[in-house]
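Protein chains in written order, with my numbering: chain A, 1 to 330; chain B, 1001 to 1330; chain C, 2001 to 2330; chain D, 3001 to 3330; chain E, 4001 to 4330; chain F, 5001 to 5330.
There are 6 protein chains.
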Amino acid sequence: MTMIKMPKRYPELANPQMRPRFTGVPTFFRLPLSEDLAGLDIGIIGVPYDGGVTNRPGARHGPREVRNQSSLMRVFNEGTGVAPFLGRRVADLGDCWIEQPYALEGAHAEIAEFFHAVKAAEVTTLAVGGDHSISLPILRAVAAKGPLGMVHIDAHCDTGDDYLGSRFHHGAPFRRAVEENLLDPRRVIQIGIRGTVNDPRMWAFSRESGMRVLPMDEFHDEGWRFALAEAKRVIGEAPAYLSFDIDSLDPVYAPGTGTPETGGISTIEAMRLLRGLTGCRFVGADLVEVSPPFDQGGITAFHGAAILFELLCLLAAAEGDVQRPGAGAA
Amino acid sequence: MTMIKMPKRYPELANPQMRPRFTGVPTFFRLPLSEDLAGLDIGIIGVPYDGGVTNRPGARHGPREVRNQSSLMRVFNEGTGVAPFLGRRVADLGDCWIEQPYALEGAHAEIAEFFHAVKAAEVTTLAVGGDHSISLPILRAVAAKGPLGMVHIDAHCDTGDDYLGSRFHHGAPFRRAVEENLLDPRRVIQIGIRGTVNDPRMWAFSRESGMRVLPMDEFHDEGWRFALAEAKRVIGEAPAYLSFDIDSLDPVYAPGTGTPETGGISTIEAMRLLRGLTGCRFVGADLVEVSPPFDQGGITAFHGAAILFELLCLLAAAEGDVQRPGAGAA
Amino acid sequence: MTMIKMPKRYPELANPQMRPRFTGVPTFFRLPLSEDLAGLDIGIIGVPYDGGVTNRPGARHGPREVRNQSSLMRVFNEGTGVAPFLGRRVADLGDCWIEQPYALEGAHAEIAEFFHAVKAAEVTTLAVGGDHSISLPILRAVAAKGPLGMVHIDAHCDTGDDYLGSRFHHGAPFRRAVEENLLDPRRVIQIGIRGTVNDPRMWAFSRESGMRVLPMDEFHDEGWRFALAEAKRVIGEAPAYLSFDIDSLDPVYAPGTGTPETGGISTIEAMRLLRGLTGCRFVGADLVEVSPPFDQGGITAFHGAAILFELLCLLAAAEGDVQRPGAGAA
Amino acid sequence: MTMIKMPKRYPELANPQMRPRFTGVPTFFRLPLSEDLAGLDIGIIGVPYDGGVTNRPGARHGPREVRNQSSLMRVFNEGTGVAPFLGRRVADLGDCWIEQPYALEGAHAEIAEFFHAVKAAEVTTLAVGGDHSISLPILRAVAAKGPLGMVHIDAHCDTGDDYLGSRFHHGAPFRRAVEENLLDPRRVIQIGIRGTVNDPRMWAFSRESGMRVLPMDEFHDEGWRFALAEAKRVIGEAPAYLSFDIDSLDPVYAPGTGTPETGGISTIEAMRLLRGLTGCRFVGADLVEVSPPFDQGGITAFHGAAILFELLCLLAAAEGDVQRPGAGAA
Amino acid sequence: MTMIKMPKRYPELANPQMRPRFTGVPTFFRLPLSEDLAGLDIGIIGVPYDGGVTNRPGARHGPREVRNQSSLMRVFNEGTGVAPFLGRRVADLGDCWIEQPYALEGAHAEIAEFFHAVKAAEVTTLAVGGDHSISLPILRAVAAKGPLGMVHIDAHCDTGDDYLGSRFHHGAPFRRAVEENLLDPRRVIQIGIRGTVNDPRMWAFSRESGMRVLPMDEFHDEGWRFALAEAKRVIGEAPAYLSFDIDSLDPVYAPGTGTPETGGISTIEAMRLLRGLTGCRFVGADLVEVSPPFDQGGITAFHGAAILFELLCLLAAAEGDVQRPGAGAA
Amino acid sequence: MTMIKMPKRYPELANPQMRPRFTGVPTFFRLPLSEDLAGLDIGIIGVPYDGGVTNRPGARHGPREVRNQSSLMRVFNEGTGVAPFLGRRVADLGDCWIEQPYALEGAHAEIAEFFHAVKAAEVTTLAVGGDHSISLPILRAVAAKGPLGMVHIDAHCDTGDDYLGSRFHHGAPFRRAVEENLLDPRRVIQIGIRGTVNDPRMWAFSRESGMRVLPMDEFHDEGWRFALAEAKRVIGEAPAYLSFDIDSLDPVYAPGTGTPETGGISTIEAMRLLRGLTGCRFVGADLVEVSPPFDQGGITAFHGAAILFELLCLLAAAEGDVQRPGAGAA
């Protein structure tokens, strides 16, 4: 090998994450891109699939733009002091390969297979969609050993039934997950729900199955600390999944999404809610529904990257003691 | 007639409002487009006129883009449970025809004539502007039998006096409406007022005539519930009009408007305030000042459509008992 | 019926096509929206389907935005003098209904069924996609009586083979159409072909089946008049179809498309080429691949609408003598 | 006076036109802003009026954005060698003041009065609109001593008749100018005409009055040199006016305009055509219909500024010998 | 001199600030542009320099776009009643001239020299950047007589150390200012601090030197009134500077900035906080980091102009009794 | 190593370049990212530096966005049949590291050092800027053995002299390169030159040193084939460099650049000109001045990627026989 020699004035800059943020190839957080699972703790995986949408497509372009904006994130979490790259081996595993993009169920089978492989290597997965239909095949892998709890932040319950012949579109993953015993509905909380509906019982499955639905109005009345307390209460101490749909955010923070709903969560509320979950036993997480073609100047992907960093910190902290060199510094 | 046969797998989809939201011709909420007033309860009317602006034009394009974005709304109001299309006959009446666009007073006369015709058929009007000057000719029709109360949500009082030779520009409609005995100022509340002014007495008419001015700072201090209580107190039980200027919203929610003012109402506050007015005796309403040429990715028109849906629900509920199949479901 | 009375100062304005262009509900060219085929000559049909794309989606939103921009077109063709709405009954038939959007072949079957129904009523179809995969099911209806010739204007031959398990994606419709005996390849010309390829034999089917491929370089060298002459020579006097992919245009004219290719046809060349085809025996046409989420300020849809107007004029002229009140006027 | 001292390393930078192009207050070409006409040769005047449009407004914002982009122009014309600021005193006269913006004819009277005042001081006027209706009151001042010839570059003839009650809208100025004996139609050439029309005789006045109409197709066939020769032939040696409507350019160069038409002139063709007119006896000129709200990234205003620079050079050269220090240098 | 005569119907319109807001040349608030310091109270100065950025450039274009949007501001502050142009002579002094743009320290020396000259004339300076590195040379002039207190509103402390060989980049000005005895750190408050960091001790200098750091989370918990009280307590009665970095605002209000951080201050909070500081002894202020190339529809510059107006009112009020004709009017 | 298993249905898709174009991490053309020079033929290198601009910055973001858009390119050149990835080992070498971004000459020294290292390994370099100042340090490495010829496609000659104290800004690289004996001016051709100038002798160095300047007007008159013939004649058979400034293209193709000039080369002309140079002895090339903050929807970066692919093909062909599996296929 004849390697180009590294910079020498500032040796710390050998770390790509320390370089000026407009440089380099945009992997997630400018992490190493690797398909080698050996010794890895957390793998971030793009899932560029939007074949499950019911309205505006484009989330297939989400992983790339979230990667692009993620260079604007740095390495320490000033809010919690968590340093996810210290003591945890994290990599960008690239995009989940989908060989049957024209067949929803075929694509889902491939996604499940990919995540099974990663889980088999005892690597925790952090997925970036893609539309929300991908959470179902991910859960098939992540919850293979038994149903999980879930903190689900979204404008929609996504517990709908069949739509135009499909049981697996992006409005239905969590009904299917309950039916497949991947989620324990009594340990599921859905935060931020709002918007008009086409059927007054559209999300009835959520409540009837035992999920805690915390609509946006309640969130607005009671605040993020209340939602946090409820979330901790509902998921308890057992393993849980975290699914963050970017459309939970107010459209001014996330115009680039397929199904925006007026009047959502602000980013500061979302960030604080997520940081408050530090220490919960999350065994996997996803960020979904960033749709770059509908974005404005990259702000949705930028906020997606900021949320993704929080999800990463949560997963890092969930694996046991985590370094917090910055705790109290901010 | 040789009609194309309707879809057959999902008969409910014969209703255009149930079809995928990217399809079809964008009438308001994908309602039938009709100029037939017989048997109608509520007519939604575009008023594509912006000849009354003092600065940035473009609101003439408002009705079209609000129609376009309104397909993103569904049919039940998850917040109040109101189902405006059940038990009420609602139609898109098309655009109010203006044959004298180069003559402000001529155009206003035509708008008044159009709304008189609709009122004469006992159809409640919901107008989409256009600039705010259109509220005056609309009130000439809607308040023909006597002065009304009004909930007026706006960044500006719009009770100014003559400007550059015109008595009827978009900063003056409500002074004229009081002078013409169309509004009872003691039953008028103006919510969200703010911004710099060119004359410290610019909006003095409002207070001196007896209107309740609730500036943005007071709204920010006291909250939407207080503003709601004040609004109900001021308009009381008698008939009232509702005028919603999109520039009442903060510019991040509504950049596409002619006269933005820093620091306004958020959409969730606006939505909750409006929903709280359910049951008030509104006899007409308008949404004005959406200016698509200044919009960013359609977000102003999107929020305009969301507000319009709330106005429609208020008018539906004001006509007596309304079906609420979704009450308590969210 | 209690109709709102029509404007009276300018009776000609009872015709929606004559009204100011920012007003009204955007049907194609502000034509009547009707599902009644009786007595109709030409029906313009939206096909909001993009399940066949291989890269960037969004063409499902094409029909709506082409409708929106089509209000900027007027009623006489200054270039050819053709008046398509005189002596021809033309309507906007709305959007082709697709009940199986998650199943490519199912959706195609429904498209074919819809166009069969329209053809059965002896109405000529002008389709607005949607991705290019829709041309196959349309041809199944339009070419039901035997193979047609075709003028195909595109950056790509779209005669590819299977891709990721699908035989019917948007890069393959015309290979399938030849295989299904819907097209006579010796009477097919493909104009504007260019771009990088992943396989040097990617479009080999075109030449080997006998199609005339006229690549962009040849077009650039020889000019639109040569391309026109070639097109007339190839299709001859027999019935032919016309398929216009917006990506044939240079990306500066059509950024809003899924598969842009550097260095294409200018709009003035395209307009003159199309106008030159007046009198050819076209029995159907389509405009495809306008993808609004990737558009910039509506320019792609605007140019799509201008092209659509030319296609309409060609179909009007193909049905026999057409009124040309404006011939020679420009 | 206590003046801030001027920069000292590079004394030539005391000239604002030489400073970095992102600095300073954007007058036209960073010229001095002055209302003093004494000793001036050419005055550039903004006319922020768009009350004459028939469709999309916004040209009132044209002067400001053309000023903004004009900082990107430098001081020598590389094409012709003309140095318009050497030997000619040029100033930005600010915006023509309009006190009756709500009354089309009143506004026109004020524009005429302003230009009369400037002409009375023997200052040549270069106007930046605003919509095309402003050319009529300008001609009332500029052609006060007798009818002029005109080179008119536009997509539309603008010789229409009354529209919705107005005789003076932006589609009619040149019919009125002929009627008022401000133009000699036999010395008028209209270049770039195209687009659909609502009436086959829409522009018949042009031909019937004797104007030379050179449609876009002829321009495309024969080229800019032919158009230039025709223009010189038609206007001859006598005084002439030059009116440049930005919509003459193809919409890819000028999306920000009220009435775009597919398939127009390219900027290089326009620049060369204009440069070829150097030496003609132009006694005034205008650039109209730049509408910033419809622009994309300022490209229309940028091209407007480039055209404006050419118009300035033509006026500078029309006043007699002009310095050409750069002739032959490029 | 031969002046164009002023408008006559509305003599008050001789004041450019009273004219329609889309007209005229955009100086700050349409004030006179002058380099004459005699008799002036406050001078607004553009500092178009961004050579100190560590990531995204573009703030060099800030002064021009803030000037452009500032026309949307009027003359009275409805919140505080302050009328900054009554009893205070205010001018746009143009852009600070920088002759050494390629040498950071040279440029800084020139900025300092410019501000020294203005201060020497006893004119209070209000600067518009440019990146935050400019605050250091400005303080060298403004704090020449001794260290000042400071209200610093920002997402970042900007008290970092050397970066890639520069001691004077935009992340370090206030460390240098303390080292140079320009600021008294015990009288400095930093409000709005947040975001990820690359070093847990990145902003340690702030706390260790004695500054009051009020992070965003504390602001979110305690509110703007608390932050205001803290700010007044920290700066006390002695002279202070005010530095407002637009990235203190949430990115939805200010996407056009070089270093956005999720979850910031809203504009209404910022406006109220600033208004609450009326009466404090501010001896200078700046607004920095507006980066137009990253803006969306001008909203960042619009908000920058609104903040600038508040800063101007604070400086006007700091100079002694100020006219408040509008107090209590809103 | 525990690798994620590769896809299995379509083994060819193990090649990232064959995967759907919206997937994966955007290296240049989705090539392997490697700092290992061993055995490499061509290395593509980002140079994210824009410290040499004289007006609008942002080209530092160029490499990233060109990488992003380059996924839209495929692997065979349909125009020339060249297959650059067959028989040539090509890699993305990442971004040239710059440790002294605040010091123009320091940064240039680092760029030169990086390219020296790559050349030392006998790897041909293809650079993506960055502003045009980078060509000088690149030439210091590439032309280390003696002066080269050059095909320089640009709107500006870039042979200016000192500007504001810098000898090395982006308007001067080729004057310096001649002075440093890196270029043989008699073997240099500059194509596309145009625009206004601040000094009639601004580019005099070009002609006086013996370069062939082919201005845009000559290009427009004589066509791309003439320019190609001239280019071949001027550079002859000896080694040459190729520098492509994106601002050579007309601004409609490349709005995202720092110094746009009206009326440039179209992409089809540029592509054909470049393809015609196949076989010339190019020993290095660069693409510069793509400035994403000023881009519109990525079109400039898209065209930059298309140009980059042509440059790559030229370098591949310059190294001897190259595979052309697609020759004649298009």
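Heads up, the beta-carbon is just placed ideally off N, CA and C, and yes, glycines get one too.
Start and end residues, alpha helix (DSSP H) containing residue i
i	result
His4061 of chain E	Where His4061 of chain E is concerned, there is no enclosing alpha helix (DSSP H), given that its DSSP letter is neither H nor E.
Met5271 of chain F	5267-5276
His108 of chain A	104-120
Phe4309 of chain E	4299-4318
Same chain, Cβ closer than 6 Å to residue i, neighbours up to 5 away in sequence not counted
i	result
Ile98 of chain A	Tyr49, Ala107, Glu110
Phe3028 of chain D	Ile3044, Arg3067, Ser3070, Asp3092
Asn2015 of chain C	none
Glu5065 of chain F	Pro5292, Ala5301
Closest Cα partner of residue i within the set the options
i	options	result
Phe4114 of chain E	E:Thr4054, E:Leu4037, E:Val4178, E:Pro4084	E:Leu4037
Ala2143 of chain C	C:Gly2304, C:Leu2242, C:Arg2233	C:Leu2242
Gly5149 of chain F	F:Ser5266, F:Lys5232, F:Arg5030, F:Arg5225	F:Lys5232
Met5202 of chain F	D:Asn3198, D:Val3188, D:Pro3325, D:Asp3162	D:Pro3325
Pro101 of chain A	A:Lys119, A:Arg60, A:Ser248	A:Arg60
Contact test: residue i Cβ vs the ligand SAM heavy atom, cutoff 8 Å
i	result
Pro3011 of chain D	The ligand SAM is absent from the structure shown, which contains no ligands of any kind.
Cβ-based neighbour list, residue i, same chain, cut-off 8 Å, excluding 5 preceding and 5 following
i	result
Gln5323 of chain F	Val5082, Ala5083, Leu5086, Gly5087
Element boundaries [beta strand (DSSP E), containing residue i]
i	result
Val1290 of chain B	Val1290 of chain B -> no beta strand (DSSP E), and no H or E assigned at all.
His152 of chain A	148-153
Contacting residues, own chain, Cβ-Cβ under 7 Å from residue i (five flanking each side not counted)
i	result
Thr2054 of chain C	Tyr2163, His2169, His2170, Gly2171
*What residues from the stretch 1292-1324 of chain B come within 9 Å of chain E, judged by C-beta to C-beta, listed N to C?*
Phe1294, Asp1295, Gln1296, Gly1297
*Anything in the stretch 3011-3041 of chain D with a Cβ closer than 7 Å to a Cβ of chain F? List those residues in chain order, please.*
Met3018, Pro3020, Arg3021, Phe3022
*Which residues, in chain order, does the stretch 2150-2175 of chain C contribute to contact with chain A at a C-beta distance below 8 Å?*
Leu2164, Gly2165, Ser2166, His2169
_Residues, ordered as in the chain, of the stretch 60-84 of chain A that lie near chain E by beta-carbon distance below 8 Å_ = Leu72, Met73, Arg74, Val75, Phe76, Asn77, Glu78, Gly79, Gly81, Ala83
*With 8 Å as the C-beta to C-beta threshold (strictly closer), list the residues of the stretch 3237-3251 of chain D near chain C in chain order.*
Asp3250, Pro3251
_Output needed in chain order: residues of the stretch 4092-4107 of chain E with a Cβ under 8 Å from some Cβ in chain F._
Going along the stretch 4092-4107 of chain E in chain order, one finds Glu4099, Gln4100, Pro4101, Tyr4102, Ala4103, Leu4104, Gly4106 with a Cβ nearer than 8 Å to chain F.
*asked:* Counting only Cβ-Cβ distances shorter than 9 Å, please list the residues of the stretch 5250-5274 of chain F near chain H, keeping chain order.
replied: Protein chains in the displayed structure are A, B, C, D, E and F, and chain H is not among them.
*Which runs of the beta strand (DSSP E) spanning at least 3 residues fall entirely within the stretch 163-222 of chain A, listed in chain order?*
Counting only runs of 3+ residues, the beta strand (DSSP E) found wholly inside the stretch 163-222 of chain A occupies 183-193, 212-215, in chain order.
*Considering only residues of the stretch 5023-5078 of chain F, which uninterrupted alpha helix (DSSP H) runs meet the minimum length of 4 residues and lie entirely inside it, listed in chain order?*
5062-5070, all fully within the stretch 5023-5078 of chain F.
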